[in-house]
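Let me begin by presenting the structure, written as structure tokens, before commenting on it.
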């Protein structure tokens, strides 16, 4: 498997960690029975659960960019050292982003977010019609 697809697979696995973090935080706030129902009358989210939900939502948004960029790079045979590096940076930035968001670390979280965005830009620049490999 080419490196970009390996990073894509690793990022998909990381996405499960985001979801698991949200589940664990939800179980700590609510009774399991409350979560098994329709959840219509749940109390407002605690700050920790709110952060976990926002981190997951942010990962969904990031994956909506990352997945197609990687697939376009692979399918158009425009992978190179920059797409591989962009994927790696994106993965490790998102790996750092989750706990930073969960625990409410302000400035460093933003830096991790920006590093992930830089990884996306690195991939994007290689799949533009007039650049890249």
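In our numbering, the protein residues as written are 6 to 138.
Every residue, glycine too, gets a C-beta built ideally from N, C-alpha and C.
Cβ-Cβ distance between residue i and residue j below 7 Å
i	j	result
residue 95	residue 71	yes
residue 78	residue 128	yes
residue 57	residue 107	yes
Spatial distance of residue i from residue j (CA atoms)
i	j	result
residue 183	residue 114	Since the first and last residues shown for the chain are 6 and 138, residue 183 lies out of range.
residue 91	residue 123	7 Å
residue 105	residue 133	32 Å
residue 50	residue 22	20 Å
residue 17	residue 99	11 Å
residue 33	residue 20	20 Å
residue 119	residue 93	14 Å
residue 48	residue 30	14 Å
residue 89	residue 81	15 Å
residue 83	residue 52	43 Å
residue 116	residue 76	26 Å
residue 59	residue 13	22 Å
residue 65	residue 130	22 Å
residue 11	residue 69	17 Å
residue 109	residue 39	26 Å
Option in the options with minimal Cα separation from residue i
i	options	result
residue 27	15, 12, 61	61
residue 46	35, 107, 120	35
residue 8	39, 81, 85	85
residue 55	24, 37, 76	24
residue 63	126, 102, 14	102
residue 126	109, 41, 87	87
Proximity test, residue i beta-carbon vs the ligand ATP heavy atom, cut-off 6 Å
i	result
residue 101	Among the components modelled here there is no ligand, and therefore nothing to report on the ligand ATP.
Whole beta strand (DSSP E) elements within the stretch 27–97, 3-residue minimum: Entirely contained in the stretch 27–97, not one beta strand (DSSP E) run reaches 3 residues.
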